[in-house]
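Just so you know, the working numbering puts 179 at position 124 of the sequence shown, and the rest follows in order with no gaps.
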Amino acid sequence: MTQSPTPIHETVREHYAERIKSNASCCGPSDCCSPNNILYPVQLLTTVPTDVSNTSYGCGDPITLASLKPGQTVLDLGSGAGLDCILAAQKVGETGKVIGVDMTPEMIERAQANVKKVNLNNVEFRHGYLESLPVENNTVDVIISNCVINLSPDKEKVFSEAFRVLAPGGKLAVSDIVTDGELPEVIRQSLSAWAGCVAGAVEAKDYIAMMESVGFTNISINPVFFDKQTVDSALDEMKLDVTEYPRDAVYKAVYSAKITAYKPA
């Protein structure tokens with residue numbers, strides 16, 4: 056089934072198209088979650104040029120979490136400017152393959168340019184939505200994603216599609232934003248907060264329930280909490296009236312998580 060874009064899709068697409076054109080991060084002039092030299096092991100980023108490693112919009116390190124092996128086929132959900140695809144391609148080697156899927160043409164264009172800079176031949180990018188992946192059934196060994204599933208208005212469909220394309224025994228390894236408790240309604244209703252990776256975040260228990268409902272097993276969620284300054288910077292970028300909600304409640308509720316799950320063999 057082909058995915059029709061919703062207002063949330065369009066807002067997110069326009070947001071990230073503008074970010075990559077202006078070389079800004081996902082939430083504003085500084086990195087969305089923390090500098091890349093904190094998100095990733097230093098030795099991992101030494102394999103790519105600085106101008107490539109700086110075009111990241113993530114909240115974690117799915118590459119280390121995935122424990123990739125030579126020869127594997129990897130799918131990146133919401134591949135952005137291609138950093139995680141490049142790092143994954145280096146891990147799986149020439150006998151492996153990496154596919155990046157993104158709904159923003161400007162991101163795909165930048166990702167293709169970045170791949171050329173590092174002379175990789177085992178990466179391809181496909182335009183598409185996470186709710187309707189342009190990938191065949193049971194063909195992927197590992198799925199990675201970095202701060203993108205929270206942006207989808209239909210996360211259960213994303214997990215269903217991920218389960219469909221994974222080969223039996225395949226692994227899902229993602230970094231994403233989740234919550235511990237409810238967010239204020241003013242944030243839930245804000246499209247800018249959706250694009251900023253906050254409004255679309257769901258409670259960790261609901262995240263797990265959606266994965267279980269489509270068939271994933273051995274699910275693990277480990278929190279990585281943000282510092283208050285990072286959350287404040289993101290909320291400031293959304294330009295929400297701070298008198299309408301308790302900012303401390305957002306700071307306590309929202310966090311990044313390392314998430315793994317498996318498709319039964």
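All C-beta atoms in this analysis are idealised placements derived from N, C-alpha and C, irrespective of residue type, glycine included. All values reported here derive from a predicted model rather than from experimental measurement.
Is it right to say residue i is buried, meaning 16 or more other beta carbons lie within 10 angstroms of its own, or is it exposed?
| i | result |
| --- | --- |
| V97 | exposed |
| K124 | exposed |
| E216 | buried |
| S59 | exposed |
| A136 | buried |
| E186 | buried |
| D157 | buried |
| D106 | exposed |
| T57 | exposed |
| S268 | exposed |
| S77 | exposed |
| S200 | buried |
What would DSSP say about residue i, mapped onto helix, strand or coil?
| i | result |
| --- | --- |
| F214 | helix |
| V107 | helix |
| P160 | helix |
| P117 | helix |
| P60 | coil |
| V197 | strand |
| A254 | coil |
| T315 | strand |
| S187 | strand |
| K124 | coil |
| T102 | coil |
| A320 | coil |
| S230 | strand |
| S275 | strand |
| L238 | coil |
| D131 | strand |
| V173 | coil |
| P84 | Note that P84 scores 38 on pLDDT, short of 50, meaning its location in the model is unreliable and no value can be drawn from it. |
| A222 | strand |
| Y112 | coil |
Taking residue i as the reference, which of the options has the closest Cα?
| i | options | result |
| --- | --- | --- |
| I279 | T234, A312, N193 | This sequence places Val at residue 279; Ile is not what is there. Ranking the options by Cα distance to V279, first place goes to A312. |
| R68 | A250, V107, V233, N169 | A250 |
| S111 | S122, K146, T119, R74 | R74 |
| A121 | I198, F218, A168, M265 | I198 |
| L130 | A320, I276, K226 | K226 |
| E161 | G151, G133, E149, D139 | G133 |
| G151 | I141, I163, L185 | I141 |
| L221 | P104, T272, T101, E164 | T272 |
| D196 | C202, I163, A228 | A228 |
| H70 | Q127, V190, D106, T159 | T159 |
| P239 | A254, F214, R165 | A254 |
| P104 | C202, I154, E191, V170 | V170 |
| Q145 | A166, C114, T102, V107 | T102 |
| L94 | D106, D116, V213, N109 | D116 |
| V173 | E191, I263, A143 | A143 |
| T315 | F214, L246, A308 | F214 |
| S230 | I63, A72, Y310, N176 | Y310 |
In its own chain, which residues sit with a C-beta less than 8 Å from the C-beta of residue i, not counting the 5 before and 5 after it?
| i | result |
| --- | --- |
| P223 | N193, K318, P319, A320 |
| G126 | V147, G148, T150, G151 |
| I118 | Y95, L99, D139, L142, A143, K146, I199 |
For residue i, collect the residues of the same chain with a Cβ closer than 6 Å to its Cβ; drop the 5 residues on either side in sequence, then sort them by chain order.
| i | result |
| --- | --- |
| E28 | No answer is possible for residue 28: it lies beyond the span of the chain, which begins at 56 and ends at 320. |
| V270 | Note that residue 270 corresponds to Gly in the displayed sequence, not to Val. The answer, listed in chain order, is F218. |
| T128 | K152, V195, D196 |
Between which residues of its own chain and residue i is the CB-CB distance below 7 Å, once the five residues before and five after are set aside?
| i | result |
| --- | --- |
| L188 | V156, E216, V220 |
Three-pair Cβ contact test at 8 Å for the region 167-182 versus the region 200-220
With contact defined as three or more Cβ pairs closer than 8 Å, the region 167-182 and the region 200-220 are not in contact.
Does the region 253-273 come into contact with the region 227-243, if we say contact requires no fewer than three beta-carbon pairs (one atom in each stretch) closer than 8 Å?
yes
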